[in-house]
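Colleague:
Number of protein chains: 2
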Amino acid sequence: MAGSFNQQTPRAVVEHLVRERVYREMGLPLPRQAKAPNGLVVNVSARHCHLTQEAVEALFGPGHQLTPVKDLYQHGAYAAAEAVTLIGPRSRVISNLRVLGPCRDLNQIELAYTDAISLGFDIPTRMSGDVAGTPGCMLMGPNGYFKMEEGVIRAAPHVHMHPDDAAYYGVSHMDKMKLKVHGECGVTFDNLVVRVDESFKLEAHIDTDEGNACGLKPDTFCELIK
Amino acid sequence: MAGSFNQQTPRAVVEHLVRERVYREMGLPLPRQAKAPNGLVVNVSARHCHLTQEAVEALFGPGHQLTPVKDLYQHGAYAAAEAVTLIGPRSRVISNLRVLGPCRDLNQIELAYTDAISLGFDIPTRMSGDVAGTPGCMLMGPNGYFKMEEGVIRAAPHVHMHPDDAAYYGVSHMDKMKLKVHGECGVTFDNLVVRVDESFKLEAHIDTDEGNACGLKPDTFCELIK
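As you go down the protein sequences, you meet chains A and B in turn.
Per my numbering, residue 1 is the first one in the first sequence, and the count goes up by one each step.
Per my numbering, residue 1001 is the first one in the second sequence, and the count goes up by one each step.
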């Protein structure tokens, strides 16, 4: 069975498959949790930015293409080798802000509130892509500056899921669910936004404040509750 | 009625008293929430330290006494004018770490995990005072250094309450309750530790990661759930 997995298969996915296999081989009825089509992965998104190709070229040079260095769990998404310096409203900076690829058609910075407060930003909680009227900032790269008129947000906690997962949990795109994180500092996130797409793998995204509030570790048991 | 309050009366306490008065004056039965003996105040504790008199003198000079500058909600507790520099395991520092008074019989630093990670600390979640085996650190003040052998913790989220509150909620000292924080980024803290004492006013304490995760503001509705 080990051959089915590579090093990047998240523990929650392996456990889900093992659980399902064990129940089947023992001839036992599957408990509801083991009937889920996919294991739930919860990942903490540290602060990062999404850039347009135009911004990449302003920051890193004409014709520059992002360099993938680490695949993320969602298909096609990656952490790039490139990082930028973010200059906030009071000239405070965050250096080494990671760029995620591939390029998008809008520029967006995702910070936790702790990051935003330390920079002096007053930012709203938004879904990715919904940046109208949000604060802007200056970015600096090795080739120069790029001014974002808007796009600095705290991302709303959310869960990506395939339509099969949505059917299992009985939810639709943009519904809200709860994410219960067990353990010593157990926390339930009561307004997790559901995002459904054919291309999505089941994965909840929380930010560093949320991940640190609940002390999330690789073996922390997490569940989605409608 | 305004004369009954000073500027330091928390909004939640004023609202609780108004709610109770309105129901009574309208001759309506009190809903359960209005029957609570006290309004629930939720405060975010930013990183801080508690020091012994010995540590205060090492850091600020022989015979030095802490200078109260702001009363905290619990009777007798205050933020002091004094602040120290904390030096972590990789020589990273946090300056202006606030000292809370009065002096205690042990030294304790309370950090959020975001603070601890940025300093390179691996700290456990503990109740205040339970510091055996926790990491130590160096502190620096205007008069010199002070070495703490242990005492750097992330404080477990907790709620202070008077025995009257404990009776109302049906809980005892060291029980666990839930703290539900409503709003856009609603979060339920599932393991809030109950601390009961005759001297305590009803107040939940969460750290900056927890406060930022739920976007707590002065008008956020919060409730305790057994």
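Cβ atoms here follow ideal geometry from the backbone N, Cα and C, with glycine treated the same way.
All values reported here derive from a predicted model rather than from experimental measurement.
Would you say F1189/B reaches chain A, if we count a Cβ-Cβ gap shorter than 8 Å as a contact?
Modeller: yes
Colleague: Does DSSP classify Y1078/B as helix, strand or coil?
Modeller: strand
Colleague: Using 10 angstroms around the beta-carbon of V152/A, count the other beta-carbons present and answer buried if the total reaches 16, otherwise exposed.
Modeller: Taking all protein chains in view, the Cβ of V152/A is crowded by 16 or more other Cβ atoms within 10 Å, so the residue is classified as buried.
Colleague: If I'm right that G1129/B touches L1106/B with Cβ under 8 Å, what's the distance once you round it to whole angstroms?
Modeller: 7 Å
Colleague: If you follow the alpha helix (DSSP H) that H1016/B is in, where does it begin and where does it stop?
Modeller: 1011-1025
Colleague: At 8 Å on the CB atoms, spell out the chain A contacts of T1114/B, in chain order.
Modeller: A112, T114, T208, D209, N212
Colleague: Residues of chain B with CB under 9 Å from G215/A, in chain order?
Modeller: Y1113, T1125, R1154
Colleague: Report yes or no: is there a C-beta of chain A within less than 8 Å of the C-beta of G1088/B?
Modeller: no
Colleague: Would you say E1223/B reaches chain A, if we count a Cβ-Cβ gap shorter than 8 Å as a contact?
Modeller: no
Colleague: So with CB distances below 7 Å, who are the chain B contacts of E150/A?
Modeller: For a Cβ distance threshold of 7 Å, nothing in chain B lies close to E150/A: the least Cβ distance comes to about 19 Å.
Colleague: Taking the alpha-carbon of K1217/B as reference, which of S1118/B, R1090/B, E1184/B has the nearest alpha-carbon?
Modeller: E1184/B
Colleague: Under 8 Å Cβ to Cβ from I1123/B, same chain only, skipping five residues before and after it: list those, please.
Modeller: L1111, Y1113, A1116, T1134, P1135, V1152, I1153, R1154
Colleague: Would you mind working out which of Y23/A, G120/A, F200/A sits nearest H158/A, comparing C-alpha positions?
Modeller: Of the candidates Y23/A, G120/A, F200/A, the residue whose Cα lies closest to the Cα of H158/A is F200/A.
Colleague: Could I get the ranges of all uninterrupted beta strand (DSSP E) runs contained in the stretch 1177-1205 of chain B, with 3 residues as the minimum, in chain order?
Modeller: 1187-1196
Colleague: Taking all protein chains shown into account, decide if L1028/B is buried (16 or more other Cβ within 10 angstroms of its Cβ) or exposed.
Modeller: exposed
Colleague: With 7 Å as the limit, tell me which residues of the stretch 1177-1203 of chain B have their beta carbon closer than that to any beta carbon of chain A; keep them in chain order.
Modeller: E1184, C1185, G1186, V1187, T1188, F1189, D1190, N1191
Colleague: Taking the Cβ atom as the reference point for each residue, do E1223/B and H1160/B lie within a distance shorter than 8 Å?
Modeller: no
Colleague: Using 8 Å as the threshold, is the stretch 1071-1091 of chain B in touch with the stretch 1030-1038 of chain B, meaning 3 or more CB pairs across them?
Modeller: no
Colleague: Please say whether N212/A and D1209/B have beta carbons closer to each other than 8 Å?
Modeller: yes
Colleague: Roughly how far, in whole angstroms, is the beta-carbon of G1039/B from the beta-carbon of L1066/B, given that I think they are within contact range, below 8 Å?
Modeller: Actually they do not touch by this definition, with Cβ atoms about 30 Å apart.
Colleague: Using DSSP bridges, identify the partner residues of P68/A.
Modeller: DSSP, once it has assigned bridges, lists A80/A as partnering P68/A.
Colleague: Report back the beta-carbon spacing between V193/A and K176/A to the nearest angstrom; my notes put them in contact at under 8 Å.
Modeller: 6 Å
Colleague: For F146/A versus A58/A, is the C-beta distance shorter than 8 Å?
Modeller: yes
Colleague: Just the Cα atoms here: how many angstroms apart are V1042/B and E20/A?
Modeller: 43 Å
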